[in-house]
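Reading through the structure tokens given below for one structure.
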Amino acid sequence: MSIVTVQLGQCGNQIGQEVFGALCSDIRGTHGLCSKKENESYQDSCKERFFCEEESAVPVARAVLVDMEPKVISQTLSMAARSGHWKYSSHSHFCQKQGSGNNWANGYSVHGPRHKEAIMNLVQKEAEKCDRLGGFFTIMSMAGGTGSGLGAFVTQCLRDAFPTSFILNHVVWPYGTGEVIVQNYNSVLTLSHLYHSSDALLVHENDVIHKICAQLMNIKQISFRDVNQVIAHQLGSVFQPTHTAGGGSGYSRNPLGDLMETLVPHPEFRMLGLRNIPQMPESSLPYSTFSWPGLIKHLRQMLIANAPMEEGIDWQVRPPHPSSIPSTNKPLHFNTSIANLVILRGKDVHSMDLGSFQDPSLYTSWLNPQDAFNAWKTPRAFNKYEKSAALVSNSQFLLKPLDSIVGKAWNMFASKAYLHQYTKFGIQEEDFLDCFTTLEQVISSYTNL
Amino acid sequence: AVSLPFAVGQCGNQVGCRFWDLALREHAAVNKKGIYDEALSSFFRNVDTRSGDNGPDIYKGKICSLKARALLIDMEEGVVNEILQGPLRDVFDSKQLITDVSGSGNNWAVGHKIYGCQYRENIVEKLRKTAEHCDCLQCFFIIHSMGGGTGSGLGTFVLNLLEEEFPEVYRFVTSVYPSGEDDVITSPYNSVLAMKELNEHADCVLPIENESLFEIVNKIHQMINSGKLGSTVKQNSLVTSSAGSAKTLQEKPFDAMNNIVANLLLNLTSSARFEGSLNMDLNEISMNLVPFPRLHYLVSSLTPLYTLADVNVPSRRLDQMFSDAFSRDHQLIQADPKHSLYLACALLVRGNVQVSDLRRNIERLKPSLHFVSWNQEGWKTGLCSVPPVGHSHSLLALANNTCVKPTFIELKDRFMKLYKKKAHLHHYLQIDGMEQSCFSEAVSSLSDLIEEYNELDATKGGPRIDPSRLKIAV
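Below, the structure written as structure tokens:
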């Protein structure tokens with residue numbers, strides 16, 4: 001099944017280009033470390049999912065590029081073409097001239113309706129190119145105006161036009177100390193709207209990725225390109241083909257569906273966090289050795305202690321004792337999960353037992369631990385890492401950052417600052433209140449796990 | 001997206017002239033192939049002049065003849081004529097000029113009421129023609145001074161006009177405020193009358209004070225003449241230098257100061273014209289820096305003022321650039337933002353600066369700055385890859401900060417000194433449409449604005465009580 005990617009706004013387009021680049025470079029790489037047959041199967045599966053073979057010499061990404069100003073899309077298209085190994089279709093983008101001005105209301109209420117037809121036509125064309133449509137993957141930031149506002153509108157349109165398809169929104173959360181002053185308003189508006197139309201939100205926080213770049217990748221002068229490449233690597237580690245547990249011998253044919261089924265058992269809980277291990281500069285790879293037990297042990301503790309990466313993990317945090325009363329005596333800082341998915345790639349995957357992730361004390365009481373945890377594996381190594389593991393988690397990972405964003409937005413809302421900028425485009429105070437209510441509900445639900 | 005500058009009056013046109021000169025230099029430095037690109041189109045049309053000046057616009061391909069998208073308005077001919085005889089004569093055509101002969105006599109009422117009325121249709125017509133050539137008009141810039149008659153009076157008339165005719169296009173105003181020692185006696189009247197218009201009709205105002213420009217120019221002269229060992233300055237990097245010329249002696253007296261303002265406008269629009277990893281468009285500036293409609297006065301600072309000729313830029317020097325942006329002597333008005341209250345702050349960086357440099361400096365400087373309680377993390381940031389000519393990197397800081405208040409209070413005081421004695425009032429009241437109420441309303445508008453800043457200042461340093469969050473029934 002194929003996935004159609006919709007890249008929205010500057011962030012969405014910049015990341016999208018890195019993602020397709022990473023996927024392409026991975027399948028072209030010679031570090032698969034597996035049998036030729038396995039490798040070919042992997043390549044074919046990836047190509048079916050993300051690329052279209054058309055008449056062109058290089059694979060064409062199954063993507064629609066949307067932005068309200070022209071510079072980023074123009075750059076994205078040319079950078080892709082310059083790689084020589086893949087490209088975007090020349091007819092799959094839509095842009096305007098004046099941008100959204102970091103104004104969610106402008107993106108949602110003005111640009112959305114105005115350009116709905118043109119954008120959905122492009123999406124329809126891409127969807128029709130797929131033999132079997134596996135769903136939509138949208139990439140956006142929630143801080144600005146286009147990715148956030150127009151992104152929320154487009155997601156709604158996708159839901160209306162494709163009621164039975166899966167929609168996964170990749171949402172980038174901005175740095176806590178401002179990239180955009182009204183980012184918290186835009187975030188609250190985006191998240192609450194997405195909650196109503198999307199199947200799940202897969203989140204990356206700039207602050208977290210920045211730490212990975214600084215401490216693990218050893219990058220001195222970190223650019224957005226560096227941040228985006230780490231994000232692309234992490235996304236690739238989730239979306240490249242794998243064998244699901246009961247899936248027989250071939251690669252999974254319904255990645256988005258499988259993801260939703262394993263991770264989103266209840267509509268109130270849609271926030272997914274992502275962790276990946278190991279992460280290091282490419283130059284260090286030849287000098288490093290990995291063991292599955294070591295990787296899994298670290299990944300498990302990253303889950304329990306809500307650590308962003310494999311350095312600086314708090315090993316003191318422990319799951320609650322099984323005999324203690326659930327939910328009232330949970331130790332502080334312990335990250336309770338609803339469902340987890342671990343993806344292993346590389347040498348000797350099948351030898352690794354993941355029982356430690358099935359420990360009932362990691363989870364809420366309402367799912368069977370066997371149902372709450374799933375593992376996907378492939379012996380084919382990813383992106384030159386001999387062994388790598390990814391964790392997609394529906395847990396309290398994002399509770400604190402979400403609470404912080406809502407708190408700051410509420411603080412600003414109480415003073416009525418900047419509201420005139422939104423009301424002039426049709427988003428009223430009552431609309432804000434509805435969004436706050438939705439998110440306080442989500443926060444409350446996750447808190448009471 | 002196109003930005004359309006209007007230069008009104010003597011000061012406005014002198015600054016405008018420097019602006020076009022430096023804009024051409026900037027684009028020439030970046031655009032090596034001579035192709036008319038998206039960046040150029042935001043300020044220039046590409047006209048096929050082979051069949052004469054009225055040739056059609058060429059939207060792609062090689063540059064034929066660049067014409068500035070601008071309107072030059074002055075009620076005296078001197079300055080505009082000079083521009084048309086100088087090196088920029090081919091950049092403008094007669095359809096963009098509106099001139100008269102006798103000037104406004106330093107009288108706001110003459111500029112606003114008499115010339116406004118007289119030239120209204122002419123201005124609207126030329127405005128529509130200019131706008132027609134624009135693919136997507138995003139913003140108007142008015143460049144003027146507040147203390148005279150034309151820039152101040154006719155300039156604010158044009159501001160009103162723009163709001164009526166193009167309500168959806170943003171209106172940015174760069175206003176040069178008179179100093180205490182201004183030789184125009186009635187400058188306080190003109191300025192306060194103009195202020196009311198700015199309060200009500202501008203989206204964003206960038207106030208500039210001549211004193212600050214003068215101090216910056218002096219600082220640079222001192223630095224050049226100090227003959228410090230090992231510090232040779234790149235001439236074209238001086239924020240005060242004109243395009244192509246290193247002959248500072250031959251420049252006209254205000255040129256150096258006007259170049260600073262021209263550079264401000266270039267930097268302000270750089271991210272809209274050139275690519276970068278985090279674009280910052282003009283509508284974003286208005287969105288993020290104006291929390292309440294009337295509080296739209298932004299204090300600006302530009303760094304570095306010059307670049308030394310050695311190429312190596314250790315990050316320590318980069319960090320110095322950020323520190324300087326917040327120092328008193330880099331602000332373009334007489335103000336000290338560090339000791340007042342920030343409502344919002346924007347940092348637009350150009351050149352080889354990455355997000356980690358931005359973050360490091362924000363973290364470093366944040367503790368010494370006071371932000372309003374509901375906007376503790378009120379930073380808007382932009383990264384543009386293309387540096388200004390002569391620099392490897394530069395920073396423009398825009399602050400919505402209560403430090404503008406003293407400028408307005410002084411203005412009001414100077415106004416009241418004259419008004420109490422009714423000095424020179426008859427020059428204004430004898431103009432059709434002018435009444436005493438114009439004055440009382442104007443000073444009242446200014447007082448209200450000052451009061452809003454006072455109320456904000458009163459919250460500074462006070463206890464911070466976060467409003468309680470919504471409670472959800474479980």
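First to last, the protein sequences are chains G and S.
Under UniProt numbering, think of the first position of the first sequence as 1, with each following residue one higher.
Under UniProt numbering, think of the first position of the second sequence as 1, with each following residue one higher.
Glycine included, every Cβ here is placed at the ideal spot set by N, Cα and C.
Proximity test, Cβ basis, 7 Å: residue i and chain G
i             : result
residue 445/S : no
residue 163/S : no
residue 247/S : Because the pLDDT of residue 247/S is 42, which lies under 50, any placement of that residue in the model is unreliable, and the question is left without a value.
residue 279/S : yes
residue 381/S : yes
residue 283/S : yes
residue 451/S : no
residue 34/S  : no
residue 216/S : no
residue 202/S : no
residue 288/S : yes
residue 378/S : yes
residue 21/S  : no
residue 369/S : no
residue 293/S : yes
Burial state of residue i (16 or more Cβ within 10 Å)
i             : result
residue 128/S : exposed
residue 416/S : exposed
residue 421/S : exposed
residue 437/G : exposed
residue 30/G  : exposed
residue 133/G : buried
residue 478/S : This structure cannot speak to residue 478/S, because chain S is shown only from 1 to 474.
residue 6/G   : buried
residue 375/S : buried
residue 467/S : exposed
residue 178/G : buried
residue 104/G : buried
residue 126/G : buried
residue 151/G : buried
residue 122/S : exposed
residue 45/S  : buried
residue 408/G : buried
residue 23/S  : buried
residue 447/G : exposed
Any chain S beta carbon closer than 7 Å to residue i
i             : result
residue 410/G : yes
residue 342/G : no
residue 177/G : yes
residue 414/G : yes
residue 427/G : no
residue 101/G : yes
residue 212/G : no
residue 97/G  : yes
residue 444/G : yes
residue 112/G : no
residue 223/G : yes
residue 10/G  : yes
Supposed contact pair residue j and residue i - C-beta distance, whole angstroms, cut 8 Å
i             : j             : result
residue 487/S : residue 138/S : The structure shown does not extend to residue 487/S, since chain S is modelled only from 1 through 474, so no value can be given for it.
residue 425/G : residue 109/G : 5 Å
residue 335/G : residue 313/G : That pair is no contact at about 12 Å.
residue 21/G  : residue 83/G  : 6 Å
residue 147/G : residue 141/G : 4 Å
residue 271/S : residue 281/S : 7 Å
Exercise. Going along the chain, which residues of the segment 133-154 of chain S sit with their C-beta nearer than 8 Å to a C-beta in chain G?
Worked result: 135, 136, 138
Exercise. Looking at chain S, which residues of the segment 295-313 of chain G have a Cβ within less than 8 Å of any of its Cβ atoms?
Worked result: none
For this session: Could you list the residues in the segment 52-85 of chain G with a C-beta less than 9 Å from some C-beta on chain S, going in chain order?
Result: 69, 70, 71, 72, 74, 75
For this session: Note down, in chain order, all residues in the segment 339-354 of chain S with a beta-carbon under 7 Å from any beta-carbon belonging to chain G.
Result: 344, 354
Problem set entry | Segments assigned alpha helix (DSSP H), at least 4 residues, entirely inside the segment 96-154 of chain G | Contiguous alpha helix (DSSP H) elements confined to the segment 96-154 of chain G occur at 112-129, taking only those with 4 or more residues.
For this session: Check distances from the C-beta atoms of the segment 417-441 of chain G to those of chain S and list, in chain order, the residues that come in under 7 Å.
Result: 417, 418, 420, 421, 436, 437, 440, 441
For this session: Select from the segment 164-189 of chain G all residues with a C-beta closer than 8 Å to any C-beta belonging to chain S, and list them in chain order.
Result: 175, 176, 177, 178, 179, 180, 181, 182
Problem set entry | Continuous beta strand (DSSP E) assignments of at least 3 residues falling wholly in the segment 257-321 of chain S | 299-303
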